Amino acid sequence: MDCSRARALVRRFCAGEEDWVDSRTIYVGHKEPPPGAEAYIPQRYPDNRIVSSKYTFWNFIPKNLFEQFRRIANFYFLIIFLVQLIIDTPTSPVTSGLPLFFVITVTAIKQGYEDWLRHKADNAMNQCPVHFIQHGKLVRKQSRKLRVGDIVMVKENETFPCDLIFLSSNRGDGTCHVTTASLDGESSHKTHYAIQDTKGFHTEEDIDALHATIECEQPQPDLYKFVGRINVYSNLSDPVVRPLGSENLLLRGATLKNTERIFGVAIYTGMETKMALNYQSKSQKRSAVEKSMNVFLVVYLCILISKALVNTVLKYVWQSEPFRDEPWYNQKTESERQRNLFLRAFTDFLAFMVLFNYIIPVSMYVTVEMQKFLGSYFITWDEDMFDEETGEGPLVNTSDLNEELGQVEYIFTDKTGTLTENNMAFKECCIEGHVYVPHVICNGQVLPDSSGIDMIDSSPGVSSREREELFFRALCLCHTVQVKDEDHVDGPRKSPDSGKSCIYISSSPDEVALVEGVQRLGFTYLRLKDSYMEILNRNGDIERFELLEVLSFDSVRRRMSVIVRSTAGEIYLFCKGADSSIFPRVIEGKVDQIRSRVERNAVEGLRTLCVAYKRLIPEEYEGVCGLLQAAKVALQDREKKLAEAYEQIEKDLILLGATAVEDRLQEKAADTIEALQKAGIKVWVLTGDKMETAAATCYACRLFRRGTQLLELTTKRIEEQSLHDVLFELSKTVLRCSGSLTRDHFSGLSTDMHDYGLIIDGAALSLIMKPREDGSSANYRELFLDICRNCSAVLCCRMAPLQKAQIVKLIKFSKEHPITLAIGDGANDVSMILEAHVGIGVIGKEGRQAARNSDYAIPKFKHLKKMLLVHGHFYYIRISELVQYFFYKNVCFIFPQFLYQFFCGFSQQTLYDTAYLTLYNISFTSLPILLYSLMEQHVGVDVLKRDPSLYRDIAKNALLRWRVFIYWTFLGVFDALVFFFGAYFMFENTTVTSNGQIMTTNSHMMFGNWTFGTLVFTVMVFTVTLKLALDTHYWTWINHFVIWGSLLFYVVFSLLWGGIIWPFLSYQRMYYVFIHMLSCGPAWLGILLLITVSLLPDILKKVLCRQLWPTATERTQNTHCPDSSPELAPAASLQSPGALGPRPTAALRDAPTRKVPCVLWRSEEYAVLLPTRASPVTVTVPAFCRDAPT
């Protein structure tokens, strides 16, 4: 019996702290461990194939059909099609089957093509060659054949084929540099470290002789977290155990840089790699327009069922008379007489459902999908949103939310890297109360060589001078900055000994700024070589410190530490971090002076860090090492144990000083926020920074104004009063002055109304969100929301990433259900980006995690202005018209069919020919509305940017409200009545000719049901197309071509369809009908008259409403000529010559101006355009200014 296996299982289940966890054991090189060690239990893992495709050749058709018919509309039309096949219906199954087949086929081709591209990409990735070691030799094979446990060799500039544990490199110090741009977008070089016991293995034979096992966690998608340990077996009986962390893990997709080659062992392969686990798609977001569209569809489905029920009942009422039920020319068979009455009624109900089913437009879904997909390119093509500095343009990760950009009511923005540049500049440092700056400004001249200038007191004494140098050494040593090597292939070749010519790289811009700042103050960090950090002091001497331990930074501790040993044998712990995390751990130092300087810098908007240290005696260091080692090798709760160890080590510190770093505001960030507020959008800033720093940034970007009264809901105030009292006091303050005027109507821009800004921190938010035993948490939330609604701006500071998402969720599900937008640039913003209705990532310096997880990505915050106020505005206007127009034209289409049943004994006779039924939504009326929904500009681009208040006209889904929906529906009903009864009265008086044909007496036109239906259909096609032409404001040659071309296509098709005997048709009831109808002069007059009468009410309504109750947009249209600059560059060539005339500048120059006693905008961008003499301007004044005296 094999006792070693039993021993292993007993040890795993009964070992206490390190008992069995969800982990895996990997045998390096597939070698069994030495005898007496842990039992060899081979495990099965997936191969290294990456599969990102959804379909295979065999399952594409059934799987794709299943997914498409999960959509309710497609399933509904499938049922209608099956009903037409099963029972005797008035229309051919082709009329429903062909549009459905078209929709399904187009969608399947699109999805199949996309999946074919994914298959190609997968094959290219899976078949790329990889070098691995087998029996001491280098062997080459395809990537897909890699297995867990294989030892792989990767050369410089190659991509890692799977997730590897780093064993060794050609470098003596066992390091390598990688870039993870394809994973998180960070192009900076990251340093990874080989295992201490294997970094000396440089040849294939050495690596092949390695006996080791790796225990690590099961695959999980977090790119920055890894827990494991390696057991290295040698001649000794007990293996050497080393901890493994993310610094030892090389991820699939990352690229090796500045390292000739490395060896690593595969631990995660194929779909278990971290890159593949991050392929998982985000939850589907649905726009407000899509929700409205589904509600309207339900309404029309109810109308459809009602029509079918009414006609079914009326049919049996009509047939209650025997001579109507069985006329002499249509006697029933015996089987028909014996059929069950209820079965006959149900069959007739289904037949009427089929007859009227066109009121629900199947083609609308295809048109909406095409409009969203094609319209999304307008953002990516926009040259104004391209950033030349970074070479980046906007990205559209989903086109399903285009119109949601025009409905945003709340914006939640990160501060660092979003509002600011995340480009840190070292400003000053405070040591023992003395302030030092890297250079001095004298008479306007910058003196870059001036360093260490004391700005407060006289020069420090000898003891202070020692503290000063210790502070500078701490900044040179306490970081994770890399120095570009002399043999760096991607950049300039500079020696690190050349002092100020060092090139520093770090994932944190703050660290680079600090190291460069202290370099200008006389201390230069040179390199990390063989675990020794080298610095160049003021005297030009190189000092070497052995790096013993690094206590990494995390967002909970908000600090980091290093333990180093000097050449004299002294051991130091240097710690830097946020003031809130350093001051409580300090027992010595000039805390008050440094605290006051930190607070002053925070008020000025500078980012501050405090620096402290303590000396460790060898005995203390041994205890620290044991504590850290025990935590590092733990597989279970490693992070918790490390945090507890760090807490014990980082205490009893001596405060040295503080640093101040400036993060400059992004270009036009203030203008963008001001424009968004004028558009009626509330802007909230969510940041992890301290309150004073964040508040200063909010003032700089004009979120808070000079007259804004700041209300604080912070931990400090809650400690003085209870949360209940603070909330009620703030509520009384804001509600007392708000009165009946809702702050949404002016967004804090009025000088007459009191302007409030709220500041809340993370701890206070936790108290508000925390559920209480008495259930009062909900009341606190509502009270908090009431306060926020009456504040023009809100600042949330000291926020954890999940708290940002909590804030967004709180507003998102409040009783108003506002549309929210979250924008950020870092991994800590991903949670709120995913939570908001629309998530926007800024392609910044903190990587591309935010951009990858967002719905849209932009290079700079300033581009948000055009994305919302222009693109969002246009998208919403276009798709709302598309949805309403589709329902309108289908009411026009099917209501005459409903009326016709009253004149044909409810016999389910169709009014239109089968070809017309099939092609109405596919060909005759589809292209004009598609082009309209892609190119319409009801006002010009420059006008939308210049007047952000126009955004309010479309807020809260204004164009898809019930009032607008009912108007479009009744307009369709009115037009249908005109079509039907207008044609009916034309055919009212008829006579029978000598050859048995029926002819109208007033028009001498051949009469018949197909002639009648064709006349109604002709008037209808022209009316709905001309209705769209009347709604079009932005004309291009494409609009002209499509609108008039569609009408021409209908005429040509009707002439050919009825003018030729088609051999594939068994019957041809439309033969010569259309030609004969057009040969009659009164028919032309009737068509023109009916079209005019149909369009007249809509024209009158537009004229009267524009004159009597104009919206802000309509006043702007009356004031300004249509903008001559199209939405994007490619559309410039589409403009019709002469359609948009230039405005005369002379008239503008000489025109008299009017004084408006209202708000004076401080930005020149919003200056009022002067009127021309020819067309006087209508000045729009906010509601609260209209009664002001002139």
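Quick note: this note's numbering has the sequence shown finishing at residue 1621, numbered continuously throughout. Quick reminder that beta carbons are idealized off the backbone N, C-alpha and C, glycines included. No experiment lies behind these values; they were computed from the predicted model shown.
Three or more Cβ pairs closer than 8 Å define a contact, and the region 1060–1075 falls short of that threshold against the region 1123–1133. In the structure shown, asparagine 853 falls within a strand segment according to DSSP collapsed to helix, strand and coil. When C-beta atoms of the region 790–804 are compared with those of the region 725–734, three or more pairs fall below 8 Å, so the two segments count as touching.
The bridge partners DSSP lists for aspartate 594 are Tyr699.
Under DSSP, glutamate 980 takes part in a beta bridge, and its partners are Ile994.
In this structure, the CA atom of asparagine 495 is about 45 Å from the CA atom of arginine 692.
Judged by DSSP in its simplified three-state form, lysine 1296 adopts helix. In the three-state reduction of the DSSP assignment, glutamine 1079 falls in the helix class, which pools H, G and I.
For glycine 1193, the CB contacts under 7 Å within the same chain, skipping 5 residues up- and downstream, are Arg1229, Met1230, Ala1231 and Gln1234 in chain order. Remark: C-beta atoms of alanine 1091 and leucine 1037 approach each other more closely than 7 Å. Going by C-alpha positions, phenylalanine 1244 is about 15 Å away from leucine 1265.
A Cβ-Cβ contact shorter than 7 Å links aspartate 628 with valine 663.
Between the C-alpha atoms of leucine 1216 and glutamate 1035 there is a straight-line separation of about 30 Å. The beta carbons of leucine 1144 and isoleucine 1191 sit about 4 Å from each other, so the pair counts as a contact at 8 Å. Under the criterion of beta carbons closer than 8 Å, threonine 811 and glycine 824 qualify as touching, at roughly 6 Å. Close CB contacts of glutamine 573 within its chain, under the 8 Å cut and outside five residues either way in sequence, are with Asn557, Gln558, Cys559, Pro560 and Val561 (chain order). Between methionine 855 and alanine 944 a beta carbon distance of about 4 Å is seen, short of the 8 Å cut, so the two are scored as contacting. Secondary structure of methionine 584 (DSSP, three-state): strand. Judged by their CB atoms, arginine 969 and glycine 953 are nearer to each other than the 7 Å cut-off.
Rounded to whole angstroms, the Cβ separation of tyrosine 1306 and leucine 826 is 16 Å, and the two are not in contact under 8 Å. In the three-state reduction of the DSSP assignment, leucine 1459 falls in the helix class, which pools H, G and I.
For phenylalanine 1484, the enclosing alpha helix (DSSP H) has its first and last residue at 1468–1490. Between the region 1448–1464 and the region 1409–1419 there are three or more C-beta pairs closer than 8 Å, enough to call the two in contact. Residue range 1512–1539 is occupied by the alpha helix (DSSP H) that includes cysteine 1536. Note on the region 628–701: whole alpha helix (DSSP H) runs with a minimum of 4 residues are 635–639, in chain order. Pairwise C-beta distances place the region 1388–1408 in contact with the region 1304–1323, as three or more of them are shorter than 8 Å.
A Cβ-Cβ distance of about 7 Å is found for the pair leucine 595 and isoleucine 698, placing them in contact under the 8 Å criterion. In the structure shown, phenylalanine 804 falls within a helical segment according to DSSP collapsed to helix, strand and coil.
In this chain, the alpha helix (DSSP H) harbouring threonine 778 covers 772–787.
A contact is defined here as three or more CB-CB pairs under 8 Å, and the region 483–492 meets this definition with respect to the region 536–555.
Closest in alpha carbon position to phenylalanine 1472, among Lys1082, Lys1045 and Tyr1363, is Tyr1363. Contact between the region 1038–1049 and the region 1001–1018 is present, with at least three C-beta pairs closer than 8 Å. Taken atom to atom, the span from the alpha-carbon of histidine 1464 to that of leucine 781 is near 43 Å. Residue pairing by DSSP puts tyrosine 956 in a beta bridge opposite Ile966. Ranked by Cα distance from leucine 1154, the options Phe1135, Ser1197 and Cys1132 are led by Ser1197.
DSSP places valine 459 outside any beta strand (DSSP E), giving it a letter other than H or E.
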